[in-house]
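*Asks:* Here it is, the structure in full.
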Amino acid sequence: MSQTDQRESIDRRVWRWAIVGAIVLVVFFTTYQLTAASGQDTVSTSGQEATQAAYTGDGAVAASADGGCACCGTSSSEPVEGFTADAGGVQVVDVDVSDGFAPNVIRAKAGVPMEITFGQGSGCMAEVMSADLGFYEDLQSGPRTIALPALQPGEYGFSCGMEMVFGSIVVE
Ligand SMILES: [Cu+2]
């Protein structure tokens, strides 16, 4: 009789902890999903972690309601073609980074070394990088010129440091 009572009480305790555990898990995953969704609307409801996630290190707001990068501009995904200019054995091109990359499609010649000068950038466009070409440059202190060897025909990608804004070099 008393053994049965004890068993019931243990069962009840187990259930209570299971329910508490389930609630904690649900709250955790809800918070996590709201943070991952990076909507500004959710920042106030999901506590300190979400607030921290919504800001980048330099204090700029990184997230916007449409899920994009607020400081990257909206026109940055439209193709803006640019061509290299001949500078005596090397082809040169300037890329403005004040609102995405302009141009973001650079047409270049194969077999001729190239120098790409990226302008000064900040926020989202504070860095430029390319896994294809093996460079990563900080643009915050001023323009940077990247010297590239003569390339084979093909398309080579580059992006901002967050990999949110993209450009390409089309070598023909
Ligand atoms: Cu970016």
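The working numbering applies: residue 72 is where the sequence shown begins, and numbers increase by one.
All C-beta atoms in this analysis are idealised placements derived from N, C-alpha and C, irrespective of residue type, glycine included.
Is Met200 a contact residue of ligand 1, with contact defined as CB to any heavy atom under 8 Å?
*Replies:* Here the question's residue 200 lines up with position 129 in the sequence shown. Not so, every heavy atom of ligand 1 lies at least 8 Å from the Cβ.
*Asks:* Quick check: what's the CA-CA separation for Ala173 versus Ala197?
*Replies:* Reading the sequence shown from its first residue, position 102 is the one you call residue 173. Reading the sequence shown from its first residue, position 126 is the one you call residue 197. Spanning the two alpha carbons is a distance of roughly 15 Å.
*Asks:* Using three-state DSSP, classify Met196 as helix, strand or coil.
*Replies:* Numbered from 1 along the sequence shown, position 125 holds the residue referred to as residue 196. In this structure, Met196 counts as helix in the three-state DSSP scheme.
*Asks:* Tell me whether Gly238, by its Cβ, gets closer than 8 Å to a heavy atom of ligand 1.
*Replies:* On the sequence shown, position 167 is the one that residue 238 refers to. Incorrect: Gly238 has no Cβ contact closer than 8 Å to ligand 1.
*Asks:* Count the other CB atoms, across all protein chains shown, that sit within 10 Å of the CB of Gly192; report buried if there are 16 or more and exposed otherwise.
*Replies:* On the sequence shown, residue 192 is found 121 positions in, with the first residue counted as 1. Label assigned to Gly192: buried.
*Asks:* Buried or exposed: which applies to Ser230, given that a residue is buried once 16 or more other Cβ atoms fall within 10 Å of its Cβ?
*Replies:* Along the sequence shown, read from residue 1 onward, the residue named residue 230 stands at position 159. So Ser230 counts as buried.
*Asks:* From Pro214 to Cys195, what distance separates their C-alpha atoms?
*Replies:* Against the sequence shown, residue 214 aligns to sequence position 143. Against the sequence shown, residue 195 aligns to sequence position 124. Rounded to the nearest angstrom, the two C-alpha atoms are 15 Å apart.
*Asks:* Using C-beta distances below 6 Å, list every residue in its chain close to Tyr227, excluding the 5 sequence neighbours before and after it, in chain order.
*Replies:* Along the sequence shown, one-based indexing puts residue 227 at 156. Asp203, Leu204 and Ile240, listed in sequence order.
*Asks:* Looking at ligand 2, does it come within less than 8 Å of Gly190, judged from the CB to the closest heavy atom?
*Replies:* Looking at this structure, you won't find ligand 2 anywhere; what it does contain is ligand 1.
*Asks:* Determine whether the beta carbon atoms of Ala218 and Glu186 lie at a separation below 9 Å.
*Replies:* For the purposes of this step, residue 218 is taken as residue 147 along the sequence shown, with counting starting at 1. For the purposes of this step, residue 186 is taken as residue 115 along the sequence shown, with counting starting at 1. Cβ atoms of Ala218 and Glu186: closer than 9 Å.
*Asks:* Considering just the uninterrupted stretch of the beta strand (DSSP E) at Gln162, what are its terminal residues?
*Replies:* Position 91 of the sequence shown, counting from 1, holds the residue named residue 162. Segment Gln162 to Val166, the beta strand (DSSP E) holding Gln162.
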